[in-house]
Amino acid sequence: MVDILLGLQWGDEGKGKVVDFLCPAYQMVARFQGGPNAGHSLKINGQSFVLNTIPSGIFREHCKNLIGSGVVIDPAKLQIEIEKVKAAGAPVEKNLLIARKAHLILPTHIMLDAAQENAKGTAKIGSTLRGISPTYQDKIGRAGLRMGDIHEKDFDKKYQLLAAKHIQMIEALGGNTEKTETEKAFMEAVEYLRAFQMVDSEYYVNDFIFRGHRILAEGAQGTMLDIDYGTYPYVTSSNTISAGACTGLGISPQKIKHVYGVFKAYCTRVGSGPFPSELDNQAGEDLRQKGGEFGATTGRPRRTGWLDLPALNYAIMLNGADKLIMTKADVLCGLPEVDICTAYKTANGLTDKLPYDLCTEDMQMHLEKFAGWDDSLHQAETYNAAPQTFKDYIKFIEQSCGMGLTAISTGPEREKTFFME
Ligand code: GDP
Ligand code: IMO
Ligand code: MG
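Heads up: the sequence shown begins at 0 in numbering that gives the first Met the number 0, then just goes up one per residue.
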C-alpha cells in the first residue's frame with residue numbers, strides 16, 4: 000500500500016518536515032520526480048538538514064529510502080549529500096536505494112540550463128539551474144543516460160556523445176561552453192555511486208507492497224509547478240501531482256491509498272511566473288522575514304502572499320488529496336488581521352476557477368479578512384489549546400476545502416505538530 004505526500008502550492012510547503020514526522024508508520028520513503036532543484040528541510044534534535052535528492056526518511060533506522068525512476072540525479076551533488084547525511088549518522092549504505100532507470104544530470108545539462116535560461120531574456124523561468132529541464136528534455140527526446148548505464152562498458156562513449164551534442168546546442172545559443180572542474184567531479188561521483196544499491200525499482204516497489212509493507216511516496220516541488228497543470232511555462236519539467244507517483248515509481252493507481260497534500264498557511268513562490276495572491280509590498284516583506292522565506296537550495300528570497308483558496312482547491316482536485324496538512328501557521332502569529340484570497344476578480348466578475356493562462360489574465364485577488372491570533376499558538380500543545388481566532392480561520396479553510404485538516408504544523412521541529420484526528 001502506498002500513500003503519497005506532495006505540495007499543494009508552489010513548492011517549499013514543508014514536505015520534508017512532514018515526511019520525517021510521518022515516517023514511523025512507513026517502511027519506505029520513495030522520491031518519485033524532480034531532482035536537486037528540491038530542498039527539503041528537516042529539523043531533528045535542534046539540528047537542521049536540507050535534502051535535495053535523498054528522500055526525507057533517511058534519518059530513520061527502520062526505513063528504506065528509494066530515489067525512484069522518475070527522479071533525475073546529479074551524481075556529484077548526490078555524493079556530497081550522501082557524505083553529509085552519513086556524517087550525521089544516517090544509515091545510508093543500509094537504507095538508500097537508487098533506481099536504475101533514474102536519468103543522469105550531466106555537467107553539460109547544467110551548462111545548457113544556464114544557456115537556455117539566458118536565451119529567454121526577460122521571460123526566464125527563474126530555474127534553480129540544476130540542469131533539470133535539459134535532463135528531462137533528453138529523457139523525453141529518448142537521448143538520456145540513466146543510472147543503470149554507469150555499469151555498462153560503453154558508458155564513457157555514450158557520455159561523450161551526449162555531452163558533445165549539448166556543447167553544440169550551447170554554442171548555438173551563444174552560451175558558455177567552457178567545461179570546468181565539474182566533469183571530473185561527475186566522473187569521480189559516478190565511480191563512487193557504483194558501490195551503492197541499485198534496484199529495478201518497479202519490481203522492488205511492487206514486491207515490497209506485495210509483502211504488506213507501507214510506502215510513502217515523497218513529491219518534490221508543488222502542484223502549481225506541475226509541467227501539465229501548473230502555471231505553464233513557469234513550471235518545472237516533471238509531473239509533481241499524484242499521477243507522477245505512478246509513473247515515477249512504476250506502480251498502479253490501484254496501489255494508492257491516501258494522498259497527503261501539504262500547504263502553508265500563506266503562499267510562497269520562488270522564481271518567475273504568475274502568483275495571484277502575491278503581496279508585493281511591506282506586508283509581503285514582513286512575511287518573508289518572519290517565515291524565513293529564503294530558498295533551501297538556492298538561498299533566493301521567496302515571493303510571499305496570502306493563502307490562495309482557488310489555487311488550493313484546484314490542487315486538491317488534481318491530486319485527489321484526502322489528507323490535508325497545513326504548515327507554518329505559527330508564522331502568522333501576532334498579525335492583527337490575516338487575509339485569505341477566496342476568489343479572483345476578472346473582467347467577467349468574480350471566479351474561483353483558475354483561468355487557462357494565469358500569465359496573460361488580468362485579475363486581482365478578492366480577499367476575506369480574519370482576526371489574527373497571538374503568540375500563544377507557539378505554546379499550544381494541542382489544537383484545543385490554540386487561540387479561538389486561529390480556530391475560526393482553520394474552520395473557514397476546512398469548509399472551503401470540503402474536508403477537515405489532518406494535521407497542523409506550528410514549527411520546523413518534529414514535535415511541533417498537532418494531529419486533528
Ligand atoms: P519543502 O521543500 O516542502 O520540504 O520545504 P522547505 O524545506 O523548502 O521549506 C520549508 C521551511 O519551513 C523549512 O525551513 C522548514 O524547516 C520550515 N518549516 C516547516 N514547517 C514549519 C512550521 O510549521 N513552522 C515554521 N515556522 N517553519 C516550518
Ligand atoms: P521543493 O521540492 C520551490 C522552481 C524554480 C523555478 C521553477 C523551475 O523544495 O519544494 P527548475 O530548476 O525545476 O527548472 O525550476 O521551479 N522550483 C522550486 N520552487 N521549491 C522547489 O522544490 C522547487 N524546485 C523548482 O524556482 O521557478
Ligand atoms: Mg524546498
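Note that CB positions come from ideal geometry on N, CA and C, so glycine has one too.
For clarity, every value in this text was computed on a predicted model and none was experimentally measured.
Contact between the region 160 to 172 and the region 187 to 204 is not established, with fewer than three Cβ pairs separated by less than 8 Å. Just so you know, the alpha carbons of GLN281 and ILE324 end up roughly 28 Å apart. Boundaries of the alpha helix (DSSP H) around PHE154: 154 to 171. LYS263 is bridged by DSSP to THR326.
Following the DSSP letters along the chain, one finds ASP2 in no alpha helix (DSSP H) but inside the beta strand (DSSP E) bounded by residues 1 to 6. Partner residues in the beta bridge of ARG145, as assigned by DSSP, are HIS102. Residue pairing by DSSP places ASN280 in no beta bridge whatsoever.
With respect to the 8 Å criterion, ARG268 and ARG299 are not classified as neighbours on the basis of their beta carbons. Under DSSP, ASP307 forms a beta bridge with CYS340. Scanning the region 196 to 270 for uninterrupted beta strand (DSSP E) segments of 3 residues or longer gives 196 to 198, 214 to 217, 255 to 263, 265 to 268, listed from N- to C-terminal end. Distances between the C-beta of ASP225 and the heavy atoms of the ligand MG are all 7 Å or more. The beta carbon of ALA113 sits closer than 6 Å to the beta carbons of LEU128 from its chain, once the five residues preceding and following it are set aside; these are given in chain order. DSSP places ASN64 within a strand segment (E or B) once states are collapsed to three. Within the chosen limit of 7 Å, the ligand IMO does not reach the beta carbon of GLY410 with any heavy atom. Within its own chain, the residues whose Cβ lies closer than 6 Å to the Cβ of ILE57, once the five positions on either side in sequence are excluded, are ASN64, VAL84, ALA89, listed in chain order. PRO300 is bridged by DSSP to PHE293.
Only exposed fits LEU160, as fewer than 16 other CB atoms lie within 10 angstroms of its CB. The beta carbons of THR222 and GLY6 sit closer together than 8 Å. In the three-state DSSP reduction, GLU180 falls in the coil class, being neither helix nor strand. The region 66 to 100 contains, as complete beta strand (DSSP E) runs of 3+ residues, the segments 95 to 98 (chain order). Distances from the CB of VAL330 to the heavy atoms of the ligand GDP include at least one below 7 Å. For HIS150, no alpha helix (DSSP H) run applies, since DSSP gives it neither H nor E. With fewer than 16 other beta carbons inside 10 angstroms of its own, GLN46 counts as exposed. No Cβ-Cβ contact shorter than 8 Å links PRO54 with VAL17. Taking a C-beta distance under 8 Å as the contact criterion, LEU308 and THR341 qualify as a contact pair.
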